[in-house]
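Residue numbers (our numbering): 70 to 216.
Written out below as structure tokens is the structure these notes cover.
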């Protein structure tokens with residue numbers, strides 16, 4: 070498994086990362102409906118194409134199994150394909166984000182306790198809360214900071 074920086078964003082690559090995102094979300098964001106996920110797809114695709122720093126986990130056969138997007142000191146996205154979750158890949162990406170890329174902030178859905186626990190175990194704490202998500206939907210967001 071290797072972590073690679075994405076420097077060119079071809080449509081095939083973005084489509085592969087979007088599949089990783091959707092697989093991960095379906096297994097971790099149980100509060101989202103199929104319609105919610107469908108509505109988020111174009112926003113995520115746009116985010117993948119525009120995010121400042123995009124890094125991906127790729128297997129030796131070229132399959133993408135995870136990715137993270139960073140803007141400044143904020144981790145904007147970190148997703149691991151469902152069957153790979155719990156194997157340390159998210160920790161590998163997060164460690165790089167913190168130690169090598171200077172990440173100190175992340176937002177997480179309040180309704181996703183697995184993600185909260187993951188970030189708390191890596192030294193983050195809750196610094197704030199928003200009652201709605203970035204699209205104004207009733208999915209509260211916790212604003213986490215690194216201790």
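Each residue gets a CB set at the ideal place from its N, CA and C atoms; glycine is no exception.
Among residues of its own chain, excluding the 5 on either side of residue 198, which ones have a beta-carbon nearer than 8 Å to its beta-carbon?
179, 209, 210, 211, 212
Please give the ranges of any alpha helix (DSSP H) in the stretch 166–215, keeping only runs that are unbroken, at least 4 residues long and fully inside the region.
Whole alpha helix (DSSP H) segments, 4+ residues: 182–190.
If we ignore side chains and look at the alpha-carbon of each, how far apart do residue 169 and residue 216 end up?
17 Å
So if DSSP puts residue 124 in a beta bridge, which residue, or which two residues, is it bridged to?
74, 137
Nearest-angstrom beta carbon gap, residue 153 and residue 138 [assumed within contact, 8 Å]:
Cβ atoms of residue 138 and residue 153 stay farther apart than 8 Å, at about 18 Å.
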